[in-house]
Amino acid sequence: MPYEDRGHQSGGYMVYWRQHQEGNDDRLWNKEKINSWKQTHFVYQVGEDNFYLLYEIKIQGWNILGSGPNASAMIYSSEGMPTAAPGNVLADAFNSTAMEVTWDEVEDTREVMKGRLYGYQINYYSDDDIEPLYKTYIRFPGQMGSAVCIGLWADSNFWFQIQVYNTAGLGPVSDSYKQETLHFASRLYPTEVAVYSHSATSVVLKWRGILIEFDEATIVNYRLYLWPSNEHFRSAEEIDTDGLVTSYILTNLKKGIIYAVRIAAISDGGEGKKSITLYFTLTGGSNVAIDQTLTEFRAGGDAVYMSVFLLIGSVLMSIISWL
C-alpha cells in the first residue's frame, strides 16, 4: 500500500479467504493478520485434496485507528500433478526424419488432470541407446491425439513415450512404442531439364530421371515447381506427376511472363533435392533474354530460340512491363 494511504506508520493487512460456493455467501471467512506494511504476499496450505479450487480473497489495510476498505479477488489454488497417462500409443513413419505419433486423449477434468490440461510431451530416444535418464522431448500445447515428431535420423529405430502436463508438472509416462523411420529421400536431382514448344499457351517439360542408392526410399513420382520468376519461390505452384514419367505438359501459360521451374523426386522418405532452376517464356514476336538458361518460344510456333545474354534482371523486367 502506498505510504500516503496508510494513515499511520503502525499497521499492516488483514487477509481473508474461503472456498467459493455459488449462492452461499453466509459462510465464515478464514483470516490472517499481517503486522507489517512491508509484507506483500501470504501463503496458506489449503490441503493436498483441495487442488485447483476457486477461492474468494479479500485484503484490507489496518492501523491503530481501525481497518480500511476491502480489495477482493477470485483465485484458484495450485494444480496437482496429473494422475493419468495417455493410452494406445502408436507411431507411423511420416518421412525419413519425422514420425507421426498417435495416442488416446486424456480427459481434461479436474479429477484426472488435478487442474487443467496444458498439452502433451513426446519423449523419444534411439534404439541404439539403453533407455536414457534424460530423453529428448517435444511439447505440443492443447488437447490432441496425434503430433509429428521431427528431427529424427533416417532409417533408424526410435522409442516413443507420451506424457500429459499442466502447470504443476508431468503426469505418468505412457507405455513405450518402437518404430523405424523411412529410408533417405533422394540425394540426387533430375538433370537435363528442357522445355519444348507445344501450343500458344503450353510447353512440354522434359527431364532425365534419377537412380536411387541402397539406403534411399523408392521414388514414386516427381514434383514440379512453377512460378513467375519475379515472385518468391514460396508462391510456386506444386504439380505432382502421375508415376515415374519424365515429361509433363505445362498449360495455361501466358505470353510475356518469364517462368521458373524446378523438379524434385518424391518418395516415402520425403522430397529429394530440386533441380537447377530453368527459366522460359512464351513471346509474341519480341525476344526477351533473362540469363544464359532462358528458353524462348514464339507463341503458337515450332521454333525454339536459345538466348545467351548477360543482362541485368531488373532492367529486363522493366522492358517486359512496357511490352
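Everything in the sequence shown is counted per the UniProt record's numbering, starting at 1 for the first residue and increasing by one.
Glycine included, every Cβ here is placed at the ideal spot set by N, Cα and C.
- Residue nearest to Phe214 in terms of C-alpha spacing, selected from Val220, Arg187, Phe94 and Ser36: Nearest option by C-alpha distance: Arg187.
- Item | For Thr283, the nearest candidate out of Tyr259, Asp268 and Asp108 (CA to CA) | The candidate whose alpha carbon is nearest that of Thr283 is Tyr259.
- Distance CB(Gly269)-CB(Phe158) smaller than 7 angstroms: Cβ atoms of Gly269 and Phe158: not closer than 7 angstroms.
- Message: Counting C-beta neighbours from all protein chains within 10 Å, is the total for Leu54 16 or more, i.e. buried, or is it exposed?
- Response: Around the CB of Leu54, fewer than 16 other CB atoms lie within 10 Å, so the residue is classed as exposed.
- Query: Which residues bound the alpha helix (DSSP H) around Arg110?
  - Reply: From DSSP, the alpha helix (DSSP H) with Arg110 extends over Arg110 to Met113.
- Assuming Gly145 contacts Glu105 under a Cβ cut-off of 8 angstroms, what Cβ separation, rounded to an integer in Å, is found between them? Your pair Gly145 and Glu105 checks out as a contact, with CB atoms roughly 5 angstroms apart and the cut at 8 angstroms.
- Item | Residue of Ser78, Arg116 and Asn63 minimising C-alpha distance to Pro141 | Nearest option by C-alpha distance: Arg116.
- Residues bridged to Tyr124 by DSSP? Tyr124 is bridged by DSSP to Thr136 and Phe160.
- Query: Any idea if Phe233 is buried or exposed, counting beta-carbon neighbours within 10 angstroms, 16 or more meaning buried?
  - Reply: Phe233 counts as exposed, since fewer than 16 other beta carbons sit within 10 angstroms of its beta carbon.
- Item | Collapsed DSSP secondary structure at Tyr189 in the structure displayed | In this structure, Tyr189 counts as coil in the three-state DSSP scheme.
- Message: One question on the structure: do Arg208 and Thr181 come within less than 7 angstroms of each other, judged by their Cβ atoms?
- Response: Not in contact: Arg208 and Thr181 (Cβ atoms no closer than 7 angstroms).
- Query: Taking C-alpha atoms, which residue in Ala93, Thr218 and Tyr3 lies nearest to Trp37?
  - Reply: When the alpha-carbon of Trp37 is set against those of Ala93, Thr218 and Tyr3, the nearest one is in Tyr3.
- Query: Where do the ends of the beta strand (DSSP E) carrying Asn30 lie?
  - Reply: Taken as a continuous stretch (DSSP letters only), the beta strand (DSSP E) holding Asn30 covers Asn30 to Ile34.
- Message: Within 7 angstroms of any Cβ in chain C, is that where the Cβ of Ser174 sits?
- Response: Protein chain content of the structure displayed is limited to a single chain, and chain C is not contained in it.
- Query: Mapping DSSP to helix, strand and coil, what is Arg116?
  - Reply: DSSP places Arg116 outside both helix and strand once states are collapsed to three, so it counts as coil.
- Should Ser10 be labelled buried (16 or more other beta-carbon atoms within 10 Å of its own) or exposed? With fewer than 16 other Cβ atoms within 10 Å, it is exposed.
- My understanding is that Phe160 touches Tyr124, with C-beta atoms under 8 angstroms, so please give their C-beta distance in whole angstroms. With a Cβ gap of about 5 angstroms, Phe160 and Tyr124 count as contacting.
- Query: When the Cα atoms are used, what is the spatial distance from Ser72 to Ser126?
  - Reply: The C-alpha of Ser126 is placed about 53 angstroms away from the C-alpha of Ser72.
- For Ser229, does the three-state DSSP call read helix, strand or coil? Here Ser229 sits in coil by DSSP.
- Query: Is it true that the stretch 169-177 meets the stretch 78-92, where meeting means three or more beta-carbon pairs spaced less than 8 angstroms apart?
  - Reply: As far as the Cβ criterion goes, the stretch 169-177 touches the stretch 78-92, which means the pair count is three or higher.
- Query: For Lys31, does the count of other Cβ atoms within 10 angstroms reach 16, so buried, or fall short, so exposed?
  - Reply: Looking at its Cβ environment, which holds fewer than 16 other Cβ atoms inside 10 Å, Lys31 is exposed.
- Query: What residue from Ile276, Leu211 and Tyr248 has the CA that sits closest to Ser267's CA?
  - Reply: Of the candidates Ile276, Leu211 and Tyr248, the one whose C-alpha sits nearest the C-alpha of Ser267 is Leu211.
- Measure the CB-CB distance between Ile219 and Ala154 and report whether it falls below 7 angstroms. Contact: no.
- Same chain only: Cβ atoms within 7 angstroms of Arg298, ignoring 5 sequence neighbours per side: Note that Arg298 scores 49 on pLDDT, short of 50, meaning its location in the model is unreliable and no value can be drawn from it.
- Message: Please state the DSSP three-state secondary structure of Tyr3.
- Response: Here Tyr3 sits in helix by DSSP.
- Item | Cut-off 6 angstroms between Cβ atoms - residues of its own chain near Gly300, not counting five sequence neighbours on either side | Residue confidence is low: Gly300 scores 45 on pLDDT, short of 50, so the model does not pin down where it sits. Its coordinate-derived value is still stated next. Ala200, listed in sequence order.
- Item | Alpha-carbon spacing of Ser235 relative to Trp227, whole angstroms | Between Ser235 and Trp227, the alpha-carbon positions lie close to 7 angstroms from each other.
- Contact belief for Ile162 with Tyr118 at Cβ below 8 angstroms, rounded distance in angstroms: Between Ile162 and Tyr118 a beta carbon distance of about 14 angstroms is seen, past the 8 angstroms cut, so the two are scored as non-contacting.
- Take Val261 as the anchor and find which of Met99, Ile239 and Asn24 has the nearest alpha-carbon. With distances taken between Cα atoms, Val261 lies closest to Ile239.
- Residue of His198, Ile64, Val193 and Lys58 minimising C-alpha distance to Lys206: When each option's Cα is compared against that of Lys206, the closest is Val193.
- Task: Could you please give me the residues that DSSP links to Tyr248 through a beta bridge?
- Result: Note: Tyr248 sits in a beta bridge opposite Leu205.
- Task: Taking only the alpha-carbon atoms, compute the straight-line gap between Phe280 and Val195 and give it to the nearest angstrom.
- Result: Their Cα atoms are separated by approximately 8 angstroms.
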